[in-house]
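Trainee:
Residue numbers (this note's numbering): 359 to 728.
1. Output the boundary residues of the alpha helix (DSSP H) element that contains residue 576.
2. Exposed or buried, which one is residue 728 when buried takes at least 16 other CB atoms within 10 Å?
3. Go ahead and label residue 524 buried or exposed: buried means 16 or more other beta carbons lie within 10 angstroms of its beta carbon, across all protein chains shown.
4. In the region 638-670, which residue ranges form an unbroken alpha helix (DSSP H) of at least 4 residues, counting only runs that do not cross its ends?
5. Less than 8 Å between C-beta atoms, sequence neighbours within five positions excluded: which residues of the same chain meet that for residue 698?
6. Please classify residue 648 as buried or exposed, where buried requires at least 16 neighbouring CB atoms within 10 angstroms.
7. Terminal residues of the continuous alpha helix (DSSP H) containing residue 416?
8. To the nearest angstrom, report how far apart residue 475 and residue 422 are at their CA atoms.
9. Please give the ranges of any alpha helix (DSSP H) in the region 508-560, keeping only runs that are unbroken, at least 4 residues long and fully inside the region.
10. Three-state secondary structure (DSSP) at residue 623?
11. Would you please verify whether the beta carbon of residue 541 is less than 7 Å from any beta carbon of chain D?
12. Three or more beta-carbon pairs under 8 Å between the region 504-511 and the region 544-561, yes or no?
13. As a quick exercise: from 442, 690, 703, pick the residue whose alpha carbon is nearest that of residue 405.
14. So residue 537 packs on residue 572, CB below 8 Å; how close in whole Å?
15. Report all residues from its chain with a CB closer than 7 Å to the CB of residue 499; omit the five preceding and five following residues, and keep chain order.
16. Using only CA atoms, which one of 592, 463, 518, 609 lies nearest to residue 439?
17. What's the gap between the Cα of residue 455 and the Cα of residue 517?
18. Quick check: residue 496 and residue 535, are their CB atoms within less than 7 Å of each other?
19. Just tell me which of 413, 598, 566 has its CA closest to the CA of residue 431.
20. Can residue 561 and residue 512 be called in contact, C-beta distance under 7 Å?
21. Figure out for me which residue from 690, 708, 701 has the closest Cα to the Cα of residue 387.
22. Comparing alpha-carbon positions, which option in 715, 428, 447, 461 lies nearest residue 638?
23. Within 10 Å of its beta-carbon, does residue 365 have 16 or more other beta-carbons around it, so buried, or fewer, so exposed?
24. Given residue 631, which residues of its chain have a CB within under 6 Å of its CB, disregarding the five upstream and five downstream residues?
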């Protein structure tokens, strides 16, 4: 690989990441309190939880961010492990939106989108219009980065080593899964690694037979983010991160067993390999959710078996706050409000106890019953 190819790939990847982040953050700002209402419906049932996870991830544009947020909710005691399972499964479906958008090949209108977005952001007097402008800017930058990545990898077709690597991956599906896992574990975003696969597909460098195992590995690799986020949390939060990991591992095993029929189905959906990759990503996560959601209780039992013991209830310290919830500021503000109310209630109780201890001359109340 030449220096020009490497710099082009890295520059395109950087633009892709920035565009995706800008679009996701701006969508989240526009959604505002709507995010809170979607989280509130989690208390109903697993299906509604999956729906909420799908919507939130479609807005944030990152299943990793949603799952990290869920770990934070579970750690703060705002969500049970059973409720978290549905959200995690829905988040995996929501993250497929990015790949579907990329497959439309909208690179030609990307500069126009950026121009329109900047005009809205710069000249609009209303904050809401400025936020919509930011969404359009992020959308355009994402596709500009995709185009740069796609153009940068074009010379790979003339490199024998790359051709040999594709042949090796084509004959060893487990190696493909490992490659996808490592790529996503390092980059910390399955949307980005699948975007790279689609960039290769745009140039005819990778067939769907090779892309599928790598795509499955990408879905396992994205669980690393939540596992890292669960370090230092309570046992239930760590179990939620494990649920995410096992959900994708089980799905990968199922799809590897039926890889032949899956490949035929995906090929029948489109003649464009980049679109086939997007459709395969959606098929994987939707089918995986349909299969595993009815049996989510067994998934919960599995992680409880691997992390046994009762969860200790910690009364001291913060109850509603967790820095992982900062991924969604609108919800974080509501939780901060709840924590202030709780602190006020504790202060009031302390004041009442102090007054009783003083007027009743009760030493037990004075020293907290010691």
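C-beta: ideal position from N, C-alpha, C; glycine also.
Mentor: Taking the geometry as given:
1. On the chain shown, position 218 is the one that residue 576 refers to. Where residue 576 is concerned, the enclosing alpha helix (DSSP H) stretches over 566-579.
2. For the purposes of this step, residue 728 is identified with residue 370 of the chain shown, where counting begins at 1. Low per-residue confidence applies at residue 728: pLDDT is 42, beneath 50, and the placement is therefore not dependable, though the value from the model is reported in the following sentence. Taking every protein chain shown into account, the CB of residue 728 has fewer than 16 other CB atoms within 10 angstroms, so this residue is exposed.
3. As a working note, residue 524 is residue 166 in the chain shown. By the 10 Å Cβ count, residue 524 comes out buried.
4. Given a length threshold of 4 residues, each whole run of the alpha helix (DSSP H) inside the region 638-670 is given here in chain order: 654-664.
5. The residue given as residue 698 occupies position 340 in the chain shown. Close CB contacts of residue 698 within its chain, under the 8 Å cut and outside five residues either way in sequence, are absent.
6. Residue 648 sits at position 290 when you count from the first residue of the chain shown. Classification for residue 648: exposed.
7. As a first step, residue 416 is located in the chain shown; it is residue number 58 there, counting from the start. Residues 404-418.
8. Here the question's residue 475 lines up with position 117 in the chain shown. Here the question's residue 422 lines up with position 64 in the chain shown. The straight-line gap from Cα to Cα measures roughly 27 Å.
9. Within the region 508-560, the runs of alpha helix (DSSP H) that reach at least 4 residues and sit entirely inside it are, in chain order, 518-529, 531-545, 548-560.
10. Stepping through the chain shown from its first residue, residue 623 is reached at position 265. The three-state reading of DSSP puts residue 623 in helix, counting H, G and I together.
11. Protein chains in the displayed structure number just one, and chain D is not present.
12. Contact check between the region 504-511 and the region 544-561: three or more CB pairs, one atom from each, fall below 8 Å, which counts as touching.
13. By one-based count along the chain shown, residue 405 stands at place 47. For the options 442, 690, 703, the alpha carbon positioned closest to that of residue 405 is the one of 442.
14. Taking the first residue of the chain shown as 1, we reach residue 537 at position 179. Taking the first residue of the chain shown as 1, we reach residue 572 at position 214. Yes, they are in contact, since the Cβ atoms of residue 537 and residue 572 sit about 6 Å apart, within 8 Å.
15. Taking the first residue of the chain shown as position 1, residue 499 is located at position 141. Closer than 7 Å at the Cβ level, and outside the excluded window around residue 499, lie 373, 376, 377, 380, 472.
16. Residue 439 sits at position 81 when you count from the first residue of the chain shown. Checking every option, the nearest Cα to that of residue 439 belongs to 592.
17. Stepping through the chain shown from its first residue, residue 455 is reached at position 97. Stepping through the chain shown from its first residue, residue 517 is reached at position 159. Distance between the alpha carbons of residue 455 and residue 517: 32 Å.
18. To locate residue 496, count along the chain shown from 1; it is residue 138. To locate residue 535, count along the chain shown from 1; it is residue 177. When the beta-carbon positions are compared, residue 496 and residue 535 stay at least 7 Å from each other.
19. To locate residue 431, count along the chain shown from 1; it is residue 73. Across the set 413, 598, 566, the C-alpha of 598 shows the shortest separation from the C-alpha of residue 431.
20. Numbered from its first residue, the chain shown carries residue 561 at position 203. Numbered from its first residue, the chain shown carries residue 512 at position 154. In contact: residue 561 and residue 512 (Cβ atoms closer than 7 Å).
21. In the chain shown, the residue the question calls residue 387 occupies position 29. Among 690, 708, 701, the Cα nearest to that of residue 387 belongs to 690.
22. For the purposes of this step, residue 638 is taken as the residue at position 280 of the chain shown. Among 715, 428, 447, 461, the Cα nearest to that of residue 638 belongs to 461.
23. As a first step, residue 365 must be located in the chain shown, where it is residue number 7. Per the 10 Å Cβ criterion, exposed.
24. Reading the chain shown from its first residue, position 273 is the one you call residue 631. In chain order, 559, 566 place their CB closer than 6 Å to the CB of residue 631, counting only its own chain and leaving out the 5 sequence neighbours on each side.
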